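Report on the structure given below.
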Amino acid sequence: MTRPLDSSIVRKLCAIVGPDHVITDPNRLIVYESDGLTSYRVIPRAVVLPGSTEEVSEVVRLLHGEGIPIVPRGAGTGLSGGALPMPEGVVVGTARMNKILEIDAENRLALIQPGVINASLTEAAMPYGLYYAPDPSSQSTCTLGGNVAENSGGPHCLKYGVTQRYVTGLTVVMAGGRVIRLGGVGRSPDGALDLVGLFVGSEGCFGLVTEIEARLLPVAEGVRTLLGIFDTMEAAGHAVTAIISEGLLPAAVEIVDNATIRAVEASVYAGGFPVDAGAALVIEFDGTEAGLDADADRAEACCHAAGANEVKRAADATQRAALWNGRKKAFGAMGRIAPDLLVQDATVPRTRLPEVLARIAEIGERYELKVANVFHAGDGNLHPNILFDRNDADELDRVERASKEIMSLCVDVGGTITGEHGVGIDKRGYMRLVHNTLELDAMGAVKAVFDPEGLFNPGKVLPDPLPEGELEVAHR
Amino acid sequence: MSATASLADVLPAEALTRQGASDALLELASTAEAVVRPQSTAEVAETLGWASANAVGVLPVGSGEHRMRRTLEGRFIVLATDRLTGLEIYEPADVTLTAKAGTRLGDLNEALGAHRQWLPFDPPSVPSRTIGGLVATGESGPVATGYGELRNHVLGATVVCGDGRVLRLGGRVVKNVAGFDLLRPMVGSRGRLGVITSVCLRAFPSPAVDRLLVVRSGDIAGLRDLSRAVCTAPISPASCVVWAPAGSLGGGAALLVRLHGALPTVDADQVTLERHAGVVFEQLGDAKAALAEIRDHAAGGAVELRISLLPSRLFDGLAAALDRLGDFAVAADAYSGSARLAASDVGVEAIELLRGDVEALGGALTVFAGGVELRGPDLGSRPTPEELELAGRLEKVFDPSGVFWPCRA
Chain W
1 MTRPLDSSIV RKLCAIVGPD HVITDPNRLI VYESDGLTSY RVIPRAVVLP GSTEEVSEVV
61 RLLHGEGIPI VPRGAGTGLS GGALPMPEGV VVGTARMNKI LEIDAENRLA LIQPGVINAS
121 LTEAAMPYGL YYAPDPSSQS TCTLGGNVAE NSGGPHCLKY GVTQRYVTGL TVVMAGGRVI
181 RLGGVGRSPD GALDLVGLFV GSEGCFGLVT EIEARLLPVA EGVRTLLGIF DTMEAAGHAV
241 TAIISEGLLP AAVEIVDNAT IRAVEASVYA GGFPVDAGAA LVIEFDGTEA GLDADADRAE
301 ACCHAAGANE VKRAADATQR AALWNGRKKA FGAMGRIAPD LLVQDATVPR TRLPEVLARI
361 AEIGERYELK VANVFHAGDG NLHPNILFDR NDADELDRVE RASKEIMSLC VDVGGTITGE
421 HGVGIDKRGY MRLVHNTLEL DAMGAVKAVF DPEGLFNPGK VLPDPLPEGE LEVAHR
Chain S
1001 MSATASLADV LPAEALTRQG ASDALLELAS TAEAVVRPQS TAEVAETLGW ASANAVGVLP
1061 VGSGEHRMRR TLEGRFIVLA TDRLTGLEIY EPADVTLTAK AGTRLGDLNE ALGAHRQWLP
1121 FDPPSVPSRT IGGLVATGES GPVATGYGEL RNHVLGATVV CGDGRVLRLG GRVVKNVAGF
1181 DLLRPMVGSR GRLGVITSVC LRAFPSPAVD RLLVVRSGDI AGLRDLSRAV CTAPISPASC
1241 VVWAPAGSLG GGAALLVRLH GALPTVDADQ VTLERHAGVV FEQLGDAKAA LAEIRDHAAG
1301 GAVELRISLL PSRLFDGLAA ALDRLGDFAV AADAYSGSAR LAASDVGVEA IELLRGDVEA
1361 LGGALTVFAG GVELRGPDLG SRPTPEELEL AGRLEKVFDP SGVFWPCRA
């Protein structure tokens, strides 16, 4: 049960950030009870929305001084419950820290606050012929601070890599309110430990990011987007392997299954995917205009060799946008089918995709659950989406058991339990599938380097200690 | 682990033989108590457990050929990974591989080449370097411009901590965020956190065309505008290097641009580049030999330094270097703003002055190698006190007994 925050602390918080930016009204706190993982809900004691690094520092100093844990929050689009409040904790949101402080076009760098929406950075960089590469499907709403916390990916990470590759420096507020700057292009001598790389993906457990220095890339001259239509997911999976084996490096290779296609095509996001297709691949190449048609031709041949019924090319920007809308809005479209959606996330070696997809389908059937697949096939990054109703206790139990089997399967074939959504609260229980106690202890000790009192996002990422007498589970 | 046992008690005799060790390794080990050359992760763990119990320092090395500034005074052993060799897992269709740490890059690229794949790293003498050593130094070389830095392509590693704990970090898939990323601080940590015994990497398709373009100039300063034009052109070259030989006082300089891709792509990129920069490039015929020469350039001087800066300030840094050092050889990565400088004779004062200039420009200076007079305190730039404090606490997590002191000295 959430305990209200002491009124003297509320007053002090109001003095720091202004009364409009401290939320204690239970009706308004409901907004913050979960993130994109809605199966867990906790009302926080309060939500604080600082407007600057200095305010974040003061808020952290005050709350940590009182021994109150802090749950950092960006836009709340995370899918692993990383921003799930805790009954004893206060949520510190970055919504007001939404300024792009500098676009340094000559050095292809941007300095931004953590509450900047991912897509806004690309919009701001476009006039300079530049853009920000990592593009999570939630990019129109998710924040860059959240992306840093989760080391987010996205469809185009196949060619361009994930958030970690683009973050070159950070200003962070550490335990007790201490502000420090990490990295920065040119600033670190050789041999300095990569603290920025370590901080990225720490899921709000090390501290609060208040400024981000990020790399921008030049916008590619041309793009070709293909849609391959297949009878089965297995055939589409073979096409992916063939494209990668051919030595092609597409910007993105995405796969959607029939259940997803039907959901999307019935929604406002319809992308023109045939509803009777067993699977569809969205394949994109970008780069110098002169070489793109040849790459697209080779990929098309790979699709046909794997049994594609049809391969279409987006003729213009509008068609391309429609195809991507169909892919990126798939999660939203699924709201039409079931009240709740568990977006799973795991990675397997690309070559194991056909086999893993078949086994996931079998797991879904066995637990009598609807599973829809939409994911980054080129990376082997699966998103089996389990559709359910959380008010049905039996179904919820089956969802949990099926999820665990899917995770074990992915680990067994050489993969891992999360490719881009993070561990948060959702995957803590699976961490022992991929890490032994020594490794988990080392992670705990590294968290303590940044957060000795354990007051940043406690209860996330690391699993509970093994019960006495219980042996380590299988390890990769 | 008993504090009285000798290394010979805990390791097989083969792990202690110097037979077959390279000259570089033997030279490095001339003042060491022993050279340990384990053949398994378990033997590395035994060695580190022994060193912890006996308060003996450990200097982990790969080939032993890479130059790094060290001051070694006290009891220490050299732990070489040169016999931990071989490709463990390579699935060409996954474009990933796992190799033991002592495997040389040249051997890895040969195995990958059979499947038209490669590892896009080009720091000096890369073919003879071991993959574990390369990851420990974190050096990518200028080709990171087109492919991203080494640190982004290391998917996983097996690491033995200072007290003998074996940690498997990361994994072998291209995307992985399962827990805090302890792998990141390992890359580039120069052996201060642990001994890497196995590495999993992402590979890349080999480019169909590897074209090397050059523009020559009377001096380095004459390349400033051209370099900025290339670096802001709307294409993505594989690399862009500013080059000048020793003995020229910055004269006889050249800008070398490498383009990768299919033939029509590379042709079109060259046209775009020439239009954007207002210059006609010369295409080098024997690119392979030239590439090796450029790659290894400025890596063998008596004094070897690196300056890193914002790319827009690189030439200000090079001008300062000319002013402070006089003559030197340079190979600068124009995209990253990092330059390697090699000189035959530079004093402490000149390096300190250059460090001041570079730091005033917002950059950092690193000293890799130097003569006797440079063996005192490190003359290079330091991370901020806050970063050093965090780094020190991380070192304690991975090396609680401090056996890796030779890497910190």
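If you read the sequences in order, they're chains W and S.
Residue numbering for the first sequence follows the working numbering, starting at 1 and increasing by one per position.
Residue numbering for the second sequence follows the working numbering, starting at 1001 and increasing by one per position.
Quick reminder that beta carbons are idealized off the backbone N, C-alpha and C, glycines included.
In this text, all values refer to a predicted model and were calculated from it rather than measured experimentally.
Using the three-state DSSP reduction, which class does Ile-117/W fall into: helix, strand or coil? strand
How about Val-311/W and Gly-228/W: do their beta carbons lie closer than 7 Å? yes
Pairwise C-alpha distance: Tyr-166/W and Ala-1157/S: 22 Å
Should Trp-1405/S be flagged as near chain W, meaning a C-beta pair shorter than 7 Å? no
Let me know if Ser-152/W comes out buried or exposed under the rule of 16 or more other beta-carbons within 10 Å of its beta-carbon. buried
My output table needs one value for Val-1372/S: the three-state DSSP class, helix, strand or coil. For Val-1372/S, the pLDDT reaches just 47, beneath the cut-off of 50, and the residue's location in the model is therefore unreliable, although a value from the coordinates is still provided. In the structure shown, Val-1372/S falls within a helical segment according to DSSP collapsed to helix, strand and coil.
Test item: CB-CB of Val-162/W and Pro-134/W under 7 Å: yes
Going by Cα to Cα distance, which pick from Ala-75/W, Leu-49/W, Glu-123/W, Asn-373/W is closest to Ala-333/W? Asn-373/W
At a Cβ threshold of 7 Å, is Glu-1386/S touching chain W? By this cut-off, Glu-1386/S is an interface position.
DSSP three-state label for Gly-1317/S, please. helix
Give me whichever residues DSSP pairs with Leu-101/W in a beta bridge. Bridge partners of Leu-101/W: none, in fact.
Span separating the alpha-carbon of Thr-1041/S from that of Ala-1101/S: 10 Å
Helix, strand or coil at Glu-1065/S [DSSP, three-state]: coil
Across which residues does DSSP place Trp-1118/S in a beta bridge pair? Under DSSP, Trp-1118/S shares a beta bridge with Phe-1204/S.
Taking the Cβ atom as the reference point for each residue, do Ala-317/W and Asp-286/W lie within a distance shorter than 7 Å? no
Which one of Ala-1221/S, Leu-1263/S, Ser-1248/S, Ser-1236/S has the shortest CA to CA distance from Val-1257/S? Ser-1236/S
Quick check on the burial criterion: 16 or more other C-beta atoms within 10 angstroms. Buried or exposed for Glu-1110/S? exposed
Examine chain W for any beta-carbon lying closer than 7 Å to the beta-carbon of Ala-1262/S, and answer yes or no. yes
Which word fits Arg-1216/S, buried or exposed, when buried means at least 16 other C-beta atoms lie within 10 angstroms of its C-beta? exposed
Can you tell me the Cβ-Cβ gap for Asp-397/W and Leu-37/W, rounded? I've got them flagged as a contact below 8 Å. Incorrect: roughly 17 Å between the Cβ atoms, too far for contact.
For Tyr-430/W, which residues from the same chain have a beta carbon less than 6 Å from its beta carbon, with the 5 sequence-adjacent residues on both sides left out? Met-407, Ile-417
The stretch 231 to 246 of chain W in contact with the stretch 132 to 146 of chain W per 3-pair CB rule at 8 Å: no
For Pro-1038/S and Thr-1081/S, I'd like the C-alpha separation in whole angstroms. 7 Å
With H, G and I counted as helix, E and B as strand and the rest as coil, what does DSSP make of Cys-303/W? helix
Does any residue of chain S bring its CB to less than 7 Å from the CB of Gly-459/W? It does not; no Cβ of chain S falls within 7 Å.
At least 3 beta-carbon pairs within less than 8 Å: the stretch 121 to 134 of chain W vs the stretch 61 to 74 of chain W: no
Within the 7 Å Cβ cut-off, does Asp-286/W reach chain S? Closer than 7 Å: no.
Taking 6 Å as the limit between beta carbons, can you name the residues of its chain near Asp-1269/S, skipping five residues before and five after? Ile-1235, Leu-1259
Taking Cβ positions, are Leu-387/W and Lys-404/W nearer each other than 7 Å? no
CB-CB length for Glu-33/W against Arg-41/W, believed under 8 Å: The pair is a contact, with the Cβ atoms about 4 Å apart (cut-off 8 Å).
In this structure, how does DSSP classify Arg-327/W when only helix, strand and coil are distinguished? helix
Distance check for Cys-205/W and Asn-457/W, CA to CA, integer angstroms please. 5 Å
Partners in chain S for Asp-190/W, counting only beta-carbon separations shorter than 7 Å: Arg-1306, Thr-1366
Under the three-state reduction of DSSP, which class applies to Glu-221/W: helix, strand or coil? If DSSP states are grouped into helix, strand and coil, Glu-221/W belongs with coil.
Suppose contacts are defined by Cβ-Cβ distances below 7 Å. Is Val-1199/S in contact with Leu-1263/S by that definition? no
Identify the continuous beta strand (DSSP E) that holds Val-1266/S and give its terminal residues. Val-1266/S -> not in any beta strand (DSSP E); alpha helix (DSSP H) instead, spanning 1263 to 1277.
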